Structure formats: C-alpha cells, structure tokens
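J.:
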Amino acid sequence: MSSNIDTLQQELADLRLQHHENLSGEISALLQRSTQPDLESLEQSLLTQLRDTAHRLAGSALTFVYEQTGLALRAFEATLDNALAGQMRSAERIRKALKQVQNAATMAGDVPAAPGQEKGVETVTGDDGAARRPEDLHLYVLEDDPSTSDLLKLGLASFGYRVTTFVDVKLLTVAALTDHPDGLIIDTEYSSFSDPNLAAAANAMQETGMDAIPILVVSDNSGFVEKLHAARHGVVAFLNKPIRIPALESSLEGVMRHQTRSPYRVLLIDDDVFSMEHHRIMLESWGIAAKCVTNPVDVLTGIDEFKPDLLVIDLNMPQCSGIELAKVIRFHKQWIHIPIIFLSGELDASRQMIALKTGGDEFITKPVVERPFVSLILMRAKRARQLAELMIRDSLTGLLKHTEIKDRLSHELARARRNKNTVSVAMLDIDKFKRINDTYGHPVGDTVITTLAHLLRRALRTTDIVGRYGGEEYLVVMPDSDEANAVRKLDQLRREFEAICFNHKDLEFHCSFSGGVSDSDSTGNIDLLIEKADMALYRAKAQGRNQILGAFSE
Amino acid sequence: MHVDDDDAIRAVTQVALERVGDFTLLSCSSGAEALQCAEHFAPQMILLDVMMPELDGPTTLEHLKQETDLGNVLVVFMTAKVQEREIARYRALGACDVIIKPFDPMTLSERLHSIWIQHNV
Numbered sequence: 013m014s015s016n017i018d019t020l021q022q023e024l025a026d027l028r029l030q031h032h033e034n035l036s037g038e039i040s041a042l043l044q045r046s047t048q049p050d051l052e053s054l055e056q057s058l059l060t061q062l063r064d065t066a067h068r069l070a071g072s073a074l075t076f077v078y079e080q081t082g083l084a085l086r087a088f089e090a091t092l093d094n095a096l097a098g099q100m101r102s103a104e105r106i107r108k109a110l111k112q113v114q115n116a117a118t119m120a121g122d123v124p125a126a127p128g129q130e131k132g133v134e135t136v137t138g139d140d141g142a143a144r145r146p147e148d149l150h151l152y153v154l155e156d157d158p159s160t161s162d163l164l165k166l167g168l169a170s171f172g173y174r175v176t177t178f179v180d181v182k183l184l185t186v187a188a189l190t191d192h193p194d195g196l197i198i199d200t201e202y203s204s205f206s207d208p209n210l211a212a213a214a215n216a217m218q219e220t221g222m223d224a225i226p227i228l229v230v231s232d233n234s235g236f237v238e239k240l241h242a243a244r245h246g247v248v249a250f251l252n253k254p255i256r257i258p259a260l261e262s263s264l265e266g267v268m269r270h271q272t273r274s275p276y277r278v279l280l281i282d283d284d285v286f287s288m289e290h291h292r293i294m295l296e297s298w299g300i301a302a303k304c305v306t307n308p309v310d311v312l313t314g315i316d317e318f319k320p321d322l323l324v325i326d327l328n329m330p331q332c333s334g335i336e337l338a339k340v341i342r343f344h345k346q347w348i349h350i351p352i353i354f355l356s357g358e359l360d361a362s363r364q365m366i367a368l369k370t371g372g373d374e375f376i377t378k379p380v381v382e383r384p385f386v387s388l389i390l391m392r393a394k395r396a397r398q399l400a401e402l403m404i405r406d407s408l409t410g411l412l413k414h415t416e417i418k419d420r421l422s423h424e425l426a427r428a429r430r431n432k433n434t435v436s437v438a439m440l441d442i443d444k445f446k447r448i449n450d451t452y453g454h455p456v457g458d459t460v461i462t463t464l465a466h467l468l469r470r471a472l473r474t475t476d477i478v479g480r481y482g483g484e485e486y487l488v489v490m491p492d493s494d495e496a497n498a499v500r501k502l503d504q505l506r507r508e509f510e511a512i513c514f515n516h517k518d519l520e521f522h523c524s525f526s527g528g529v530s531d532s533d534s535t536g537n538i539d540l541l542i543e544k545a546d547m548a549l550y551r552a553k554a555q556g557r558n559q560i561l562g563a564f565s566e
Numbered sequence: 671m672h673v674d675d676d677d678a679i680r681a682v683t684q685v686a687l688e689r690v691g692d693f694t695l696l697s698c699s700s701g702a703e704a705l706q707c708a709e710h711f712a713p714q715m716i717l718l719d720v721m722m723p724e725l726d727g728p729t730t731l732e733h734l735k736q737e738t739d740l741g742n743v744l745v746v747f748m749t750a751k752v753q754e755r756e757i758a759r760y761r762a763l764g765a766c767d768v769i770i771k772p773f774d775p776m777t778l779s780e781r782l783h784s785i786w787i788q789h790n791v
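Read top to bottom, the protein sequences are chains A and B. For the first sequence, the working numbering assigns the number 13 to the initial residue and increments by one for each residue that follows. For the second sequence, the working numbering assigns the number 671 to the initial residue and increments by one for each residue that follows.
#1: Mind checking who B:Met715 pairs with in its DSSP beta bridge?
#2: Less than 6 Å between C-beta atoms, sequence neighbours within five positions excluded: which residues of the same chain meet that for A:Gly372?
#3: Quick test of your reading: A:Tyr178 and A:Tyr152, contact by CB under 8 Å. State the CB separation rounded to the nearest angstrom.
#4: How would you label B:Met671, buried or exposed, when you count the other beta carbons within 10 angstroms and need 16 or more for buried?
#5: Within 10 Å of its beta-carbon, does A:Gln364 have 16 or more other beta-carbons around it, so buried, or fewer, so exposed?
#6: In this structure, how does DSSP classify A:Ala301 when only helix, strand and coil are distinguished?
#7: Does DSSP put A:Phe286 in a helix, in a strand, or in coil?
#8: DSSP three-state label for A:Arg469, please.
#9: Thinking C-alpha only, which one of A:Ile255, A:Asp441, A:Leu62 is nearest A:Glu155?
#10: Can you pull the chain A neighbours of B:Val685, defined as C-beta to C-beta under 8 Å?
#11: Identify every run of the alpha helix (DSSP H) within the region 337-388 of chain A, keeping only runs that are complete inside it and at least 4 residues long; order them along the chain.
#12: Hey, is the region 71-89 of chain A in contact with the region 43-57 of chain A, meaning 3+ C-beta pairs nearer than 8 Å?
#13: Are the beta-carbon atoms belonging to A:Tyr452 and A:His516 less than 8 Å from one another?
#14: Any idea which residues DSSP pairs A:Val153 with across the strands?
#15: Using the C-alpha atoms, what's the distance from A:Val181 back to A:Gly246?
#16: Rank A:Gly479, A:Thr462, A:Met391 by C-alpha distance to the C-alpha of A:His414 and give the top, closest one.
#17: Return no unless some Cβ of chain A is closer than 8 Å to the Cβ of B:Arg759.
#18: Let me see if you follow: with CB-CB separation under 8 Å, is B:Gln714 close to chain A or not?
#19: Check whether the Cβ of B:Asp676 lies closer than 8 Å to any Cβ atom in chain A.
#20: Run through DSSP, which three-state label would A:Ala143 get?
#21: For B:Val720, which of helix, strand or coil comes out of DSSP?
#22: Which residue marks the beginning of the alpha helix (DSSP H) containing A:Ser436, and which one marks its end?
#23: What's the C-alpha gap between B:Pro772 and A:Asn252?
#24: Taking C-alpha atoms, which residue in A:Leu359, A:Leu425, A:Asp492 lies nearest to A:Thr542?
#25: Kindly identify the DSSP beta-bridge partner or partners of B:Phe693.
#26: With a CB to CB cut of under 6 Å and the five nearest residues on each side skipped, what residues in its chain are close to A:Ser493?
#27: Check the DSSP bridge columns for B:Cys707 and list the partner residues they point to.
#28: Is the region 37-49 of chain A touching the region 535-555 of chain A in the sense that three or more CB pairs, one from each, lie closer than 8 Å?
#29: Among the candidates A:Thr474, A:His454, A:Asp458, A:Ile442, whose CA atom is the shortest distance from the CA of A:Ser526?
#30: Quick check on DSSP: helix, strand or coil for A:Asn497?
#31: B:Val745 touches chain A at which residues, Cβ-Cβ below 9 Å?
#32: How about B:Ala708 and B:Leu731: are their beta carbons less than 8 Å apart?
#33: Can you pull the chain B residues whose beta carbon is under 9 Å from the beta carbon of A:Val113, in chain order?
#34: Run through DSSP, which three-state label would A:Tyr486 get?
#35: Taking Cβ positions only, does B:Gln706 come closer than 8 Å to chain A?
#36: Taking 8 Å as the CB-CB cut-off, is A:Asp546 touching chain B?
Pasting the structure below:
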C-alpha cells in the first residue's frame, strides 16, 4: 500500500509539472489578450470569456497548490465579475488585476519572469546584483533625505526587502493602489510630515487590499504625543533614530511574520454527519482547513495525523459524551494546549459551566451562526498557535529549538527516502562570537544572533527549516537540495551577512559566519549526517573562517 | 462521471478516483458531452463542476433530470464559491452534497464513499 501511495504521489507530481507548463502558457496568452485594443470596448462576451478562463485557471492553480497565483487569479476573476455586473468597469482595472496575476506567478516562482517586467520606479535588489528572491517583500518608504533613504534601501535589501522611496505622499498614494506594497516606513523628519500627510498615507495603505498594510514610523522625537498621534493612524511600530537596520528589520519581521502562515486546522467531532459537514464547509470557505470525525474512537488518531490547532466537539454523542471525550484527550500532555470548543443545544448556563470545567474552553449553542462561529475559531486558533510556537521556538530568535529541529530533520530524511530525494543539512556558526560579546556586550551579541536568524528565515525557501542549535550555532535543513546546491545558496547568504553593518555607540562593525554542509546521499543516518556537517564546519573554521564548505568538497 | 471544463482538474480527479479509489470513471469536458454520454454510461454518481462555460453545472443537472432517466442519481457539485446561501441553493437544485475546490486528491475518493454511504443507507 505504501509503495502504491508513492507512485500516486509521483503521478500527482507529474500532473503538477504538466499543469505548471500549461499555466505559464495560459497566463502569457491572457496577457497577450489583454494588450489587444478590443479590451477597451469591454464587451460582455469578451469579459465573460476572460472571466471563465480566470475561473478555470484559479481552480486548477489552487488544486495544484500554486497558492499565490491561484489567489491572484481569484482576484482577477472578481474584478471581471464586477465589470460584468457593471461595477468599476474599466479596462485599466482589468489590466492591473492581470498584472497582479503575473507578478504573483513570477514572485512565487510559479512562472518564469517575463523579460523587462520591471516597473517604472526605482528599486534595489541587493548590492552585488543578487537575484530577487521569490519571497521578497516590497516596502514603501516616505522620506526626502537621500542619505537615510540609501541607508534603508541597501540595508533592507540584504534581508530580501525591496524598497521603493517616495518623496511625495500623493505619488505614494497613487502607486499603492496598484502595487499592493507589504509595508510602509515613514520618517517623521520627512519635511512635509504632518497630520494630513500621515492620515493620507494611512488611508492609502488601508485601501489597497483586504488587510491593512503595516506602517512603521522612525522618529527623532520620542514624545508621548507623537506616539499617540502615530497609534491613532494605525502605526504598528515606532522606532527612535538613529536608524539601526537590524532593529528595524526585527520590527518588520515581527509585524509581517503572521502573513505567511499556513491555514489554521480544525478537527470536528460530531455524530450528526449532516451538521458537521455544514460546519466543515463553513470553515473551509473562510480558508480554515477542517476535517471531520464521526466516531469518537477515531479522535486520537485523528489528532495525531491531522495535527489540528483546535477541536470542535459535539456535547451529545451516543457512544460517549463530549465531556468524556475531552477528558480522554486531556490525558495526553502534548495536546493539553489545544483549545476545545463544545457544540450543543444546551441552553442551561450551569450545565454549560460543568462542560467547561472538564477541559473545554468555549461553549457554542446550536444552531451555529456563521460569522461569530468562524471568528471565535480564528481567534482561538491564532492564540493556540502562538502558544504552541512558544513551546517549540527559541525565544530570542524565533527559530526552532534544538530538539524540534532534530525532529524535523528526521522527518525530512524519512520523506527524502520515500520520494528518492536528497536533503541537505548545514551547520552554521558565527565567527569569533565571544569577541563580539566581550567587546560590545551581550545585548549587541544578541542582536547579531537574531539578525542572522532573520536573514536565514527571510532568505531561504519556505520549505527550508532553520533551527537554533546552540548559542551562536544554527542548523539548517534544506529538502530537495544536494550538497553543492546548499553550499551555493548559503555562500550567497554568507556574503550578504558579511555586508550588514552593525552599530554599537559610535562604532560600526561587521560580522561573518562559517558553515559546513552534508547531504543524505552520503548517509541516511541523522547523527552521522550532522556529524559530517559539523566536521566540514570545523574545517571551514580552521581554514580561516567566513566560508562554507561541503563534507565532500576539499 | 466527472464533468469539468479544466483539463488539469480532470486529470487530477482521474488519478484521485481511479487510482486511489478504484472507481470506474468517465471524464467529460462539458455539460453537453455529459448529457450525450450519461445514459449510456449510467453512472451511480455524478461529480459536476458548477461554473462552466455554456452549460453550467446547475443547468446540466436540470437537463439530466428532464432528458434522461438518471433523475435519481446522486449528484455532487464541485465549486470554489462557498457562501452558505449558494450551498443551500445547490442542495435545493438536487445536489446531495458540495465539494469545495481546491480539494485534496488523496482524500477525494474517501469523501465520495462517505457521501455514497450516507445517501444509500
């Protein structure tokens, strides 16, 4: 059966590959189509045709987990739907939405970039011509001091942020509408910084998308009134000058981190299949992954396999009551943090109380009303995930802790064996870290550690796993990557890290790291694999530091 | 029988149902093709994409009911739009269930099995 699953996975992977090729072709065809003059006519039949194509492509892109492209196609479809209904009917709007599709596809690496796709604004992608990374985030900066704006551009580019500077809030407002930047930084020294300007920028950010775009303020003036003023306009972080890139990056990381999360997972347990299916569809339509269990006996394996963020349990089931089931679940320490929401027709407050005392967290009366039900679940799931993250993540860097990263590595090794892939392991260590601590003090040492952590997380693929292995030691797991490939990528990061300028009082200094890499082609044994990477790291240190060596390379 | 205008979705569904689920499947690329083949193939269940050009899912279902003797066959709609009202509307049209796109190919056959059992007990 398991080999059967492997071939199935293979078949699906092949289909995905095929689809990938078609998708690029179809998107190019759409782009081609939209440049033709008859789009201006906005004829109903043409719009319908485009809408149907968008709908079809969105469906298959999402099925094949080309998420960014799929969602952009959905947005494109919605734009056409609006146009068909006679709302916001303009060829320009349609072109813009399509442009978003192309950008999303290119950014996500779903489709290769079209030549000359650069926008007409000045952007910086890293000083030595480093390629733009797929996860690049786009930041707007409102600033009219050229030296500060250069500092921001160059400093943030090495963390994979693309920076566009504006000196005029009106231009920014216009650009934001089509560009959907991921964040905005405003300098309060900006010569026309004033209440209306901040308000205009804040409005522009809110109008661009579904979610408000985070605004950060850097300021010389750290008075209460200024901060209150900023908070009123939805500013999420307030930093004092002089600008320190690592600190700014850390704030950016904090406000943007939540945007790249995988969907919340909810396990539903109910003997009434019909109502449970209804709840499942409700949740899925809000982007929550939901799975149903009818028989309480299957709950434990269900939790184990599905790894839900939250459980919804019906109180009245024939085999065992929801309360009994909650007690059984709470026997397992590793699941103690998972919130349980009881569903029931029970209206008696005192009996609801009894249910909550046994380890439930919330009580919802049937029939369920969609909005409050979904928002309660989103709220609880978010909180639960934050707590779970605290359990497995290092508090300083937000990276996985030692045991967790080893767990993930063994998981990836097993998967690589199944899929006949190669996984690489890298051991990284900051050079002469003790001297940094001794010279500049521990707080500065901590900044260096978190800076490298953020750089690794921002720059590597989302499938790569990064953990803090020891004090200034990191372990990186790179699936589908052989040793040479991993060395190449890490060497690029090594150069970027070396270029970052740290400050302490008036001193500026640079740091570096060394790394050793090994891959699963040489051994499938986890301890041996780590040991080989460690030995390569040792050699890199012995040969003068600030370099990445593979276990195989000499 | 599966009806969808997208080749890629049909290919995935085929793998999901024939290979994972051991179903016998006829794959149609339009409502018209489905109407043509339905009686001869005599499916036990029809998976119908809601939004297709020309004949959409609900219209295809209407035709099936009027023009063929397959009026009582289980019909499951597949759709990306999942407003509660929409789902209620599909059920009113005679769909016995609704599957949200994108779906997981590894569990699709399982879902269809449980829908089958649910409606044949």
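Quick reminder that beta carbons are idealized off the backbone N, C-alpha and C, glycines included. None of the values given here were measured: they were computed from a predicted structure.
T.: Let's see:
#1: By one-based count along the second sequence, residue 715 of chain B stands at place 45. Paired residue(s): B:Leu744.
#2: Residue 372 of chain A sits at position 360 when you count from the first residue of the first sequence. Same-chain partners within the cutoff: Ala338, Ile352, Phe354.
#3: Counting from 1 along the first sequence, the entry for residue 178 of chain A is found at position 166. Counting from 1 along the first sequence, the entry for residue 152 of chain A is found at position 140. A small fix is needed here, since residue 178 of chain A is Phe in this sequence, not Tyr. A:Tyr152 and A:Phe178 do touch by the CB rule: their CB atoms are close to 6 Å apart, below 8 Å.
#4: For the purposes of this step, residue 671 of chain B is taken as the residue at position 1 of the second sequence. Answer is buried; the Cβ neighbour count reaches 16.
#5: To locate residue 364 of chain A, count along the first sequence from 1; it is residue 352. A:Gln364 is buried by the Cβ-count criterion.
#6: Mapped onto the first sequence, residue 301 of chain A falls at position 289. Under the three-state reduction of DSSP output, A:Ala301 falls in the strand class.
#7: Locating residue 286 of chain A in the first sequence gives position 274, where the first residue counts as 1. In the structure shown, A:Phe286 adopts helical secondary structure according to DSSP, grouped into three states.
#8: The sequence position of residue 469 of chain A within the first sequence is 457, counting from 1. Collapsing the DSSP output to three states places A:Arg469 in a helix.
#9: Counting from one through the first sequence, the residue named residue 155 of chain A turns up at place 143. A:Glu155 has its Cα closest to that of A:Ile255, out of A:Ile255, A:Asp441, A:Leu62.
#10: Locating residue 685 of chain B in the second sequence gives position 15, counting from the first residue. Leu20, Glu23, Leu24, Leu27, listed in chain order.
#11: For the region 337-388 of chain A, whole alpha helix (DSSP H) runs of length 4 or above, ordered along the chain, are 361-369.
#12: Between the region 71-89 of chain A and the region 43-57 of chain A, the count of Cβ pairs shorter than 8 Å is below three; the stretches do not touch.
#13: Your numbering for residue 452 of chain A matches position 440 in the first sequence. Your numbering for residue 516 of chain A matches position 504 in the first sequence. In this structure, the beta-carbon distance from A:Tyr452 to A:His516 falls below 8 Å.
#14: Walking along the first sequence from the start, residue 153 of chain A turns up at place 141. Looking at the DSSP output, A:Val153 shares a beta bridge with A:Thr177, A:Ile197.
#15: One-based indexing of the first sequence puts residue 246 of chain A at position 234. One-based indexing of the first sequence puts residue 181 of chain A at position 169. Rounded to the nearest angstrom, the two C-alpha atoms are 17 Å apart.
#16: Numbered from its first residue, the first sequence carries residue 414 of chain A at position 402. Closest option to A:His414, Cα to Cα, is A:Gly479.
#17: Walking along the second sequence from the start, residue 759 of chain B turns up at place 89. B:Arg759 does not count as touching chain A.
#18: Here residue 714 of chain B is taken as the residue at index 44 of the second sequence, counted from 1. Not one chain A Cβ lies under 8 Å of B:Gln714.
#19: Walking along the second sequence from the start, residue 676 of chain B turns up at place 6. Chain A has a Cβ within less than 8 Å of the Cβ of B:Asp676.
#20: Position 131 of the first sequence holds residue 143 of chain A. In this prediction, A:Ala143 has a pLDDT of 33, which is less than 50 and means its spatial position is unreliable; nothing more can be read from the coordinates.
#21: Against the second sequence, residue 720 of chain B aligns to sequence position 50. Here B:Val720 sits in coil by DSSP.
#22: Looking up residue 436 of chain A in the first sequence gives position 424. Bounds of any alpha helix (DSSP H) do not take in A:Ser436; it lies within the beta strand (DSSP E) bounded by 436-442.
#23: Position 102 of the second sequence holds residue 772 of chain B. Position 240 of the first sequence holds residue 252 of chain A. Per the coordinates, the alpha-carbon of B:Pro772 lies some 46 Å from the alpha-carbon of A:Asn252.
#24: Counting from one through the first sequence, the residue named residue 542 of chain A turns up at place 530. According to the sequence provided, residue 542 of chain A is Ile. The question's Thr does not apply to it. With distances taken between CA atoms, A:Ile542 lies nearest to A:Leu425 out of A:Leu359, A:Leu425, A:Asp492.
#25: Residue mapping note: residue 693 of chain B aligns to position 23 of the second sequence, counting from 1. In the DSSP output, where bridge partners are listed per residue, B:Phe693 has none listed.
#26: Position 481 of the first sequence, counted from the first residue, corresponds to residue 493 of chain A. The beta carbon of A:Ser493 sits closer than 6 Å to those of Ser436, all from its chain and outside the five residues before and after it, given in chain order.
#27: Along the second sequence, read from residue 1 onward, the residue named residue 707 of chain B stands at position 37. For B:Cys707, DSSP records no beta bridge to any residue.
#28: Between the region 535-555 of chain A and the region 37-49 of chain A, the count of Cβ pairs shorter than 8 Å is below three; the stretches do not touch.
#29: On the first sequence, residue 526 of chain A is found 514 positions in, with the first residue counted as 1. Per the Cα distances, A:Ile442.
#30: Here residue 497 of chain A corresponds to residue number 485 of the first sequence, with the count starting at 1. Collapsing the DSSP output to three states places A:Asn497 in a helix.
#31: Translated into the one-based positions of the second sequence, residue 745 of chain B becomes position 75. Simply none; closest approach about 16 Å.
#32: For this step, residue 708 of chain B is matched to residue 38 along the second sequence. For this step, residue 731 of chain B is matched to residue 61 along the second sequence. Result no, Cβ atoms of B:Ala708 and B:Leu731 do not sit closer than 8 Å.
#33: Locating residue 113 of chain A in the first sequence gives position 101, counting from the first residue. For A:Val113, no chain B residue has a C-beta closer than 9 Å to its own C-beta; the minimum C-beta separation is roughly 16 Å.
#34: Here the question's residue 486 of chain A lines up with position 474 in the first sequence. For A:Tyr486, the secondary structure class from DSSP, reduced to helix, strand or coil, is strand.
#35: Here residue 706 of chain B refers to the residue found at position 36 of the second sequence. No, no contact with chain A.
#36: Here residue 546 of chain A refers to the residue found at position 534 when the first sequence is read from its first residue. For A:Asp546, the answer is no, since every Cβ of chain B falls outside 8 Å of its Cβ.
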